[in-house]
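full-length UniProt numbering numbers the first residue of the sequence shown as 1 and each following residue consecutively. Structure first, then comments.
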Amino acid sequence: MRRRADTSITRSSDSETEELDEVYLHTVTIHGREFHKFSIDNQIAFEPVDDEEAERLDLQHRVFSKVFDGRLIFPPIPRLRRVLDCGYGAGSWAVDMATQYPDCRVIGLDISPHKNPDDVPENLWLQVGRDFQRSRDGRIAAGLRLDRAPESVRLTSHHQVDDLNRRFTFPSNHFDLVHSRLLATGINRARWPSYLADIKRVLKPGGWVQLTEIYFNVQSDNGSITEEHALRRWSTEFLRSYEGTKDVRVGTRLNNLLRDRGFKEIDARMIPLPLSAWSIGESSLPVSFAGCSTSVLDRKMQEIGMLNRENVNSLLPSLALYPLTQISGMPQQDFQELITQAREEAETASLKAYFPL
1 MRRRADTSIT
11 RSSDSETEEL
21 DEVYLHTVTI
31 HGREFHKFSI
41 DNQIAFEPVD
51 DEEAERLDLQ
61 HRVFSKVFDG
71 RLIFPPIPRL
81 RRVLDCGYGA
91 GSWAVDMATQ
101 YPDCRVIGLD
111 ISPHKNPDDV
121 PENLWLQVGR
131 DFQRSRDGRI
141 AAGLRLDRAP
151 ESVRLTSHHQ
161 VDDLNRRFTF
171 PSNHFDLVHS
181 RLLATGINRA
191 RWPSYLADIK
201 RVLKPGGWVQ
211 LTEIYFNVQS
221 DNGSITEEHA
231 LRRWSTEFLR
241 SYEGTKDVRV
251 GTRLNNLLRD
261 RGFKEIDARM
271 IPLPLSAWSI
281 GESSLPVSFA
291 GCSTSVLDRK
301 MQEIGMLNRE
311 NVNSLLPSLA
321 LYPLTQISGM
331 PQQDFQELIT
341 QAREEAETAS
351 LKAYFPL
């Protein structure tokens with residue numbers, strides 16, 4: 001069982017500790033799941049922030065690690081000094097990054113502290129609610145230890161952006177790499193062009209951005225999923241609930257968006273993320289994903305699907321609970337029936353279901 005870090009407000013006579021604004025700590029319980037009240041009230045993010053979701057995000061990180069053959073970054077950066085992780089979630093990628101690159105300063109941004117890891121490397125700073133979250137003993141308390149503030153962060157001003165829908169206040173030409181993963185349901189639709197422009201501004205000359213998004217429109221490798229399937233209905237209702245506020249299809253447009261913002265050497269590709277273990281057989285999967293023999297690809301896809309099966313089992317209700325029941329108004333009983341059917345279909349190997357990654 002994953003133990004969450006302490007997110008209670010802390011006070012100290014030591015002037016090095018700053019109090020986290022209480023507004024970022026409040027939660028609200030909806031249908032048995034815990035949500036971040038500030039994010040809900042301000043329509044920032046609608047995913048749960050409880051232990052169950054933190055554990056799912058840890059598992060999802062392991063799925064991505066399997067997909068990417070254990071690689072945390074892809075750009076050819078000879079020496080990493082500063083890395084920015086936008087929307088760090090449970091902190092899995094940021095922790096691994098700081099551990100693998102001990103001479104690099106890693107800064108993570110998020111709107112909620114509730115999924116923070118309970119142990120972090122010394123070179124990792126997690127920033128929530130306009131304050132950097134650090135700990136001396138391995139716990140993330142709701143305060144800031146300024147005795148080891150990251151380079152260029154002034155001790156008199158800790159108000160760097162935490163809501164990624166606001167403009168960045170980091171210095172220009174500052175980071176070697178900016179990492180952004182699964183923010184389609186958090187970044188406002190109209191914000192994406194300026195979000196990417198902000199990333200470009202804070203990158204050093206020759207710096208890189210690495211973006212990963214899932215398009216939650218379920219696909220079938222053999223075309224067997226129809227509009228009548230629960231998985232298709234889950235996708236349709238999920239995507240519809242975000243219309244007008246978020247661009248949940250942004251992953252399919254990142255290539256053009258990056259080019260419009262002046263990025264160079266863009267390498268964009270789609271990777272099928274299987275919802276369970278199934279054999280590719282006579283597959284229509286993109287050749288770019290393969291790069292290897294059919295037997296090797298088949299084994300890899302089944303390993304990914306086997307690991308992702310548990311993630312999907314939790315993802316289907318977790319990501320859709322608030323959007324479908326609170327935004328779209330779906331009755332809770334109908335929601336539960338949809339999730340039950342969608343889970344069964346996700347595990348049906350003959351459907352060969354996947355999400356475009």
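Note that the Cβ used here is the ideal one computed from N, Cα and C, for glycine as well.
| query | result |
| --- | --- |
| Any beta strand (DSSP E) of 3 or more consecutive residues that is wholly inside the segment 162–220 | 175–181, 203–212 |
| Integer-rounded CB distance, given that Leu109 should sit under 8 Å from Asn311 | Wrong, their Cβ atoms sit about 23 Å apart, outside the cutoff. |
| With 16 other Cβ atoms within 10 Å as the buried cut-off, status of Trp208 | buried |
| Proximity below 8 Å, CB of Leu275 to CB of Tyr354 | yes |
| Within 8 Å, strictly: CB atoms of Leu273 and Asn308 | yes |
| Completely contained alpha helix (DSSP H) runs for the segment 218–251, where each covers 4 or more residues | 230–241 |
| Opening and closing residue of the beta strand (DSSP E) in which Glu34 lies | 33–36 |
| Straight-line gap, Ile266 to Pro205 (C-alpha atoms, nearest Å) | 15 Å |
| N-terminal and C-terminal residue of the alpha helix (DSSP H) that Gln341 is part of | 332–346 |
| Opposing strand residues paired with Arg105 [DSSP bridges] | Arg82 |
| Own chain residues within Cβ distance below 7 Å of Ile77, not counting five before or after | Asp176, Leu177, Trp208 |
| Tyr322 (DSSP reduced to helix, strand or coil) | helix |
| Residue 360 versus Tyr195: straight-line alpha-carbon distance, rounded | In the structure as shown, the chain starts at 1 and stops at 357, and residue 360 therefore has no counterpart that could be examined. |
| Same chain, Cβ closer than 6 Å to Pro117, five either side skipped, listed in chain order | Gly91, Val95 |
| Spatial neighbours of Asp334 in its chain, beta-carbon cut-off 6 Å, leaving aside the 5 residues before and after | none |
| Thr7 burial status per 10 Å Cβ neighbour count (16 or more: buried) | Note that Thr7 has pLDDT 44, beneath the 50 cutoff, so the model's placement of it is unreliable and the number below is only indicative. Classification of Thr7: buried, given that the 10 Å Cβ count is 16 or more. |
| C-alpha gap between Phe46 and Gln326, whole angstroms | 10 Å |
| For Gly143, the three-state DSSP class (helix, strand or coil) | The predicted position of Gly143 is uncertain, since its pLDDT is 29 and thus under 50; no value can be drawn from it. |
| Limits of the alpha helix (DSSP H) - the one that Leu275 falls within | Counting along the chain, Leu275 falls outside any alpha helix (DSSP H), and DSSP gives it neither H nor E. |
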